[in-house]
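Working notes, structure below.
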Amino acid sequence: MSLLDQNWGAGGSADDEAQDDNQQGRQITTSRDGTLMLIECAPQMFESLANQLKQDSSIDDDDEDAQLTTGFQLVMRACQRFYQSKIISNDKDLSGIILYGTENSLNAFDFKHIYILHELAQPSAERIIQLETLSDKNTYKVKYDELFGSTQATGYSLNEALWTCSNLFSNSPQRLTMKRIFIFTCNDQPHASNLTLERQAKQRAKDLNDVGIQLEVFPILTETITRFDFKKFFQDVLMLSDEDLDIRNNQEPTGRLNELLKLVYSKEHKKRAYCTVPFSLGKAADGTPLEFSVSVYNMVRPCPKPTKIKLDMKTNLETKIVTKHYLPETAEILMPSDIQYGLDVSNRRILFDADEIKAIKKFGDPGFELLGFKSLSCLLPHHYVKPGHFIYPDEKYVEGSSCLFNALLKKCLEKKMFILCQFSARRNTPPRLVALIPQGEEMNKKVKNDRLASNGFHVHYLPYADDMRTLPKNDTTRAANDEVDLFKNVIRGLKFKYRPDKFENPALQTLWRNIEATALNKGEPDEFIDLTIPSVENQNRKVAGYVDELKQMIFPPGYVMGTTKKSATKRKVCL
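As C-alpha cells, then:
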C-alpha cells in the first residue's frame with residue numbers, strides 16, 4: 002500500500018453494504034458549520050424594495066412577498082427561513098445574527114453601532130419567533146425601535162463588524178469545520194468618504210480569508226439604490242476575479258423572498274464529497290501503479306424523516322440505550338472480546354471472533370479499478386441497481402489528476418464509450434461493478450454563465466449475475482391500431498414538463514409543518530398544497546373525449562366501471 006492509500010476513503014467505514022447505503026441516504030456527519038448573518042441597517046434598508054409596485058401588482062395581499070415591503074423585513078424573513086431549514090437539515094450547525102448601523106450597540110468590544118442580536122448557537126423556537134416579529138409589517142418597526150433604537154446610524158466601521166464576527170467564531174465552544182459570514186447590504190461602497198476605514202475593512206476581509214472564514218455578499222436594491230456594483234468595494238473584499246466580477250454584476254439583486262432564499266441556500270449548500278478514492282488505470286512498464294485521485298459525490302438521496310428520540314416520562318430528559326451481554330449461568334457481564342459469532346453449516350457450528358469477522362469482510366482497499374471500455378449502447382434500462390454517484394478529479398492527493406481525468410473524459414465522449422470498473426467506496430465494503438458514464442459540460446443558452454451540467458462521470462451501479470431475475474413470459478393480448486392511436490392522443494394531452502424541485506414530499510412537509518406549529522405555539526399548521534395530486538378537472542378538459550372513445554372500444558356494452566367486490570364483514574357474536 003502506498004503512503005497516499007492510507008488516506009483513501011477517509012469519510013468513514015461501514016460494517017456492510019446495507020449500513021453504507023443508509024449512511025449515504027442520511028449523510029451522517031459529526032461536523033458542525035457556523036454561519037453569521039451580518040445585516041446592514043442603513044436608512045435605505047427601510048425604504049420600499051426596488052420595483053415593489055411592479056413586482057407585487059399580481060400578488061395577492063395574503064401572499065408572503067406582499068407583506069415584505071422593505072429590505073430589512075426581507076432579510077429578517079430570510080434569516081427566519083434559514084433557521085427553520087437548519088433545524089431540518091442539520092440542527093447541530095450554529096448560526097447567529099449581527100446588525101451594523103444601529104443606534105444602540107451590544108458587543109464585547111463596545112464598538113459603536115454594532116449590535117449582536119443572536120450569539121453563535123443552534124437555532125431555537127424563541128429565535129425564530131423573534132425574527133418573525135421583526136419581519137411582520139405590523140410589528141417590525143416597533144420591535145426594531147425597542148431593540149436597536151429609533152434611528153439608523155451611518156458612522157459604523159465594517160472592519161469592526163467583521164472583527165466582531167471573527168471573535169464570535171473564536172469563542173465558539175464547538176469546533177467548526179466551516180465558517181461563513183453572509184453580508185446583507187444595499188450599499189456597494191460603505192466607506193466612500195473614508196479611505197482609511199475602507200482599507201481597514203479590506204484588510205480585515207483578507208485576514209478572515211487567510212484563517213478559512215468565507216465571506217459572501219447578498220445585495221438588496223431599494224427605491225433609491227437601483228444598482229449594486231461589486232467593483233467599487235466588494236471585489237477586493239470577496240477577492241473576485243474579473244470573470245467572477247462579471248458574473249456577480251450580471252446577477253439581478255432580488256426583492257422577492259424565494260429568490261433571495263435560493264441565493265442564500267446555493268451559497269450555504271455543503272459541497273462535501275461522499276469519499277475521496279484513487280482511480281487505478283493499471284501499472285506502468287516499470288511496475289509503478291498509474292493512478293489519479295477522484296472525489297465521489299451523491300447526486301440524489303431520499304430525504305429521511307427525523308429520528309425519534311426517547312424521553313423519560315417524568316423528567317422529559319433524553320434517555321440512552323445501553324446494551325450489556327450476560328452469561329446465563331453466572332450472570333457475569335461479557336466484554337466484546339469474550340463474544341464469538343457462530344454459523345451452523347451441515348449440523349456443525351462454525352465459530353468466529355470479531356477479528357476474523359473483520360478479515361472476512363475485507364476485500365481490498367477503496368477505489369476505482371479499471372476493467373475495460375464498452376459502448377454506451379450496451380447499457381440497458383434494467384441494469385439499474387441503486388442510486389449512483391458523480392465523480393470529479395481531486396488534486397489534493399495526486400497532482401495532475403485533472404489532466405488525466407479530462408483526457409479520459411474527452412475520449413469517452415468522442416467514442417461514446419463508458420468505463421467498466423470495480424468500485425469500493427470504503428474499507429470493509431464489498432466491491433461493486435460500476436459503469437462510469439461520461440457527461441460533457443452544458444451551459445444555459447438563455448442565461449449567461451448558468452451551467453446546467455458539469456464535466457464528469459456518473460457512477461452507475463451494475464448488477465452481478467446473482468442479481469438478475471428471470472420473469473415469466475405471459476401471453477398478452479395485443480391492442481388494435483386504432484386503440485393505440487387513441488392512447489397516443491391521451492398521452493399527448495397529459496404530457497407536462499417535469500421538474501423535481503416543484504414537487505415537495507407530502508409526508509415530510511406535513512410532518513415538519515406540524516412540528517413547526519407545535520414548537521412556535523401556532524394554532525394550526527400552515528396549509529400545504531399537495532402538487533402530487535392530479536387535477537381531475539384539467540385532465541377531463543384535455544382528454545375527456547378520447548377517454549369516452551376508449552371506453553366504447555375496450556369495454557363491453559353495459560360494463561360499469563369502478564365496481565369492486567365488497568370485503569367480507571365479520572359477523573357480530575352475541576354473548
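Residue numbers for the sequence shown, in our numbering: 2 to 576. By construction, the Cβ of each residue, glycine as well, lies at the ideal position given by its N, Cα and C atoms. It should be emphasised that the depicted structure is a prediction, and the values quoted were computed from it without experimental measurement.
Taking the straight line between their C-alpha atoms, what separation do you get for residue i and residue j?
i    : j    : result
A206 : L163 : 7 Å
K263 : I117 : 25 Å
R27  : L261 : Residue confidence is low: R27 scores 39 on pLDDT, short of 50, so the model does not pin down where it sits. No coordinate-derived value is stated.
N482 : G494 : 19 Å
S173 : G35  : 9 Å
N506 : D146 : 40 Å
N456 : E442 : 5 Å
T186 : N515 : 34 Å
V346 : E370 : 34 Å
D339 : P535 : 59 Å
C379 : L463 : 12 Å
M554 : A480 : 11 Å
C422 : Y385 : 15 Å
Q24  : F458 : With a pLDDT of 45 at Q24, under the threshold of 50, the predicted position of this residue should be treated as unreliable, and no value is reported.
I310 : L198 : 50 Å
R181 : A274 : 19 Å
H390 : F293 : 18 Å
T316 : A520 : 19 Å
F149 : V76  : 16 Å
S600 : V435 : No answer is possible for residue 600: it lies beyond the span of the chain, which begins at 2 and ends at 576.
D527 : A518 : 8 Å
K284 : R427 : 22 Å
K268 : L239 : 13 Å
R542 : P191 : 57 Å
C276 : L410 : 20 Å
L196 : M38  : 25 Å
L372 : R128 : 55 Å
A109 : D247 : 38 Å
T227 : N251 : 14 Å
G365 : K359 : 12 Å
Since residue i sits in a beta bridge, which residues does DSSP pair it with?
i    : result
H192 : In DSSP, H192 forms no bridge with anything.
C422 : L371 and V435
A454 : E443
H461 : A436
V218 : I184
S378 : In the DSSP output, where bridge partners are listed per residue, S378 has none listed.
T223 : L50
I40  : L100 and F185
L198 : DSSP lists no partner for L198.
Using the three-state DSSP reduction, which class does residue i fall into: helix, strand or coil?
i    : result
G1   : Residue 1 cannot be examined here, being either before or after the span of the chain that is shown, 2 to 576.
L209 : helix
D34  : strand
I492 : helix
I555 : helix
S151 : coil
P394 : strand
L50  : strand
A471 : The residue you asked about is not Ala; residue 471 is Thr in the sequence shown. It is coil, neither helix nor strand.
T478 : coil
Applying the 10 Å Cβ sphere with the 16-neighbour rule, what's the burial state of residue i?
i    : result
L487 : buried
I98  : buried
L335 : exposed
Q74  : buried
E244 : exposed
R249 : buried
H383 : exposed
V460 : buried
P290 : exposed
F504 : exposed
A43  : buried
T324 : exposed
E41  : buried
E636 : For residue 636 there is no data in the structure shown, the boundaries of the chain being 2 and 576.
Q341 : exposed
Y141 : buried
E333 : exposed
Within the region 70 to 147, ranges of the beta strand (DSSP E) (whole runs, at least 3 residues):
Uninterrupted beta strand (DSSP E) stretches at least 3 residues long and entirely within the region 70 to 147 occur at 95 to 101 and 115 to 122, given in chain order.
Whole alpha helix (DSSP H) runs in the region 238 to 307 with 4 or more residues, listed along the chain?
Counting whole runs of 4 or more residues, the region 238 to 307 contains the alpha helix (DSSP H) stretches 243 to 251 and 258 to 269.
Report the start-end ranges of each beta strand (DSSP E) in the region 155 to 187 that is 3 residues or longer and not cut off at the edges.
The beta strand (DSSP E) runs lying completely inside the region 155 to 187 and spanning 3 residues or more are 179 to 186, given in chain order.
Only counting runs of 4 or more residues, tell me where the alpha helix (DSSP H) segments fall wholly within the region 494 to 538, in order along the chain.
Taking 4 residues as the shortest admissible run, the region 494 to 538 contains the following complete alpha helix (DSSP H) segments, listed from N- to C-terminal end: 507 to 520.
Go through the region 315 to 361 residue by residue and report every complete run of the alpha helix (DSSP H) that reaches 4 residues or more, in order.
Taken in chain order, the whole alpha helix (DSSP H) runs of length 4 or more contained in the region 315 to 361 number zero.
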